[in-house]
Amino acid sequence: MASNAKRAWIGGTAFAAAVLAAGSWFFAVSPNLTAASERRAEAEDTRAFNDVLNLKLAKLKSDFGKLDTYKADLAAAETQIPPQAQLETYLDGLDAIAVARGVTITAATAGTPEEFVLAEVEEPTPTPSESADSEDAATDEETSDSNAADKEEKKGPKIPEGLTAIPVSVTVLGTYDSTMAFLDDVYRTTPRVFLVSALTGTSQKESEGTAGKPATASGDQELVITGYIYVLPNKLTPETSEPPAGPIELPSKPGKNPLLPVQGD
Numbered sequence: 001m002a003s004n005a006k007r008a009w010i011g012g013t014a015f016a017a018a019v020l021a022a023g024s025w026f027f028a029v030s031p032n033l034t035a036a037s038e039r040r041a042e043a044e045d046t047r048a049f050n051d052v053l054n055l056k057l058a059k060l061k062s063d064f065g066k067l068d069t070y071k072a073d074l075a076a077a078e079t080q081i082p083p084q085a086q087l088e089t090y091l092d093g094l095d096a097i098a099v100a101r102g103v104t105i106t107a108a109t110a111g112t113p114e115e116f117v118l119a120e121v122e123e124p125t126p127t128p129s130e131s132a133d134s135e136d137a138a139t140d141e142e143t144s145d146s147n148a149a150d151k152e153e154k155k156g157p158k159i160p161e162g163l164t165a166i167p168v169s170v171t172v173l174g175t176y177d178s179t180m181a182f183l184d185d186v187y188r189t190t191p192r193v194f195l196v197s198a199l200t201g202t203s204q205k206e207s208e209g210t211a212g213k214p215a216t217a218s219g220d221q222e223l224v225i226t227g228y229i230y231v232l233p234n235k236l237t238p239e240t241s242e243p244p245a246g247p248i249e250l251p252s253k254p255g256k257n258p259l260l261p262v263q264g265d
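Residue numbers (UniProt numbering): 1 to 265.
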């Protein structure tokens, strides 16, 4: 009888110990292990994020070291396509070239600025026989061709936002060689980009000078140069606001003392 009671106590004690162990696992050990695992994962993510930040920081340090080079490149690019029209400066440069080449500028005009747009290239129209032979193949490849066209469109040249073209027309008068040398200097040696779109040369006869037009010899040429110069605004340059012309009037009610405090609702 005593042996059975002893066994019962031992069994109960073992069961209670098992219950306590299971409870300790579920309520103490397991949550701590889960929390530790989560913290370990967060630490790994943080370490990876820090590695990315360090790479970006190294890249920024490298770029900052090249800041003067970037500024010089930007200044060189702005001499070719400036952020402002600078028409007076450009025309002064043309006058200097004309003096150097011994020609006379009889007319110089600048038109209305217009947004730069790439000209669309028309695809060649297939002949009837070619269209008949390729009709089935075109039907089968329609989907793939459209996808390829979309990809090619994305790979096309990117036009900077705000790029503006200003039409310019310049008429010069002088010898044939001098006018052609003037054209070459305008197109090649001036720092600013000038796209020649049309040329019109007219041979001159011997004549005396008139108002605004010098004397010409037989064989001289009047050359009309038409083209475009370009402007690309620099968004990094802050816009300067003009100060107001007069004092700014503060809003107030007639007959009310502006020094009195405003009562809340």
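Glycine included, each C-beta is placed from N, C-alpha and C at the ideal position. Note that the structure is a prediction, hence the values are computed from the model and not measured.
Need the endpoints of the beta strand (DSSP E) that residue i sits in, please.
i: residue 310; result: For residue 310 there is no data in the structure shown, the boundaries of the chain being 1 and 265.
i: Thr226; result: Gln221 to Val231
i: residue 266; result: In the structure displayed, the chain extends from 1 to 265; residue 266 sits before or after that span and is not available.
Classify residue i as helix, strand or coil using the three-state DSSP reduction.
i: Thr171; result: strand
i: Ser197; result: strand
i: Glu115; result: strand
i: Ile159; result: coil
i: Ala211; result: coil
i: Thr189; result: helix
i: Arg40; result: helix
i: Asp265; result: Low per-residue confidence applies at Asp265: pLDDT is 46, beneath 50, and the placement is therefore not dependable enough to give any value.
i: Ala217; result: coil
i: Ala48; result: helix
i: Ala98; result: helix
i: Pro258; result: Confidence at Pro258 is low in this model, with a pLDDT of 49, below 50, so its placement is unreliable and the value that follows should be read with caution. Looking at Pro258 - three-state DSSP - the assignment turns out to be coil, as it is neither helix nor strand.
Hey, residue i and residue j: beta-carbon distance below 7 Å or not?
i: Val172; j: Val103; result: yes
i: Ala217; j: Gly209; result: no
i: Leu183; j: Tyr228; result: no
i: Pro83; j: Asn234; result: yes
i: Ala108; j: Ile166; result: no
i: Thr106; j: Pro191; result: no
i: Ala85; j: Val231; result: yes
i: Ser169; j: Thr226; result: yes
i: Arg101; j: Ser178; result: yes
i: Asp220; j: Thr164; result: no
i: Val224; j: Thr189; result: no
What residue does the alpha helix (DSSP H) around residue i start on, and which one ends it?
i: Thr179; result: Tyr176 to Asp184
Which whole runs of the alpha helix (DSSP H) in the region 51-89 are 4 residues long or more, in chain order? Entirely contained in the region 51-89, the alpha helix (DSSP H) runs reaching 4 residues are, in chain order, 67-80.
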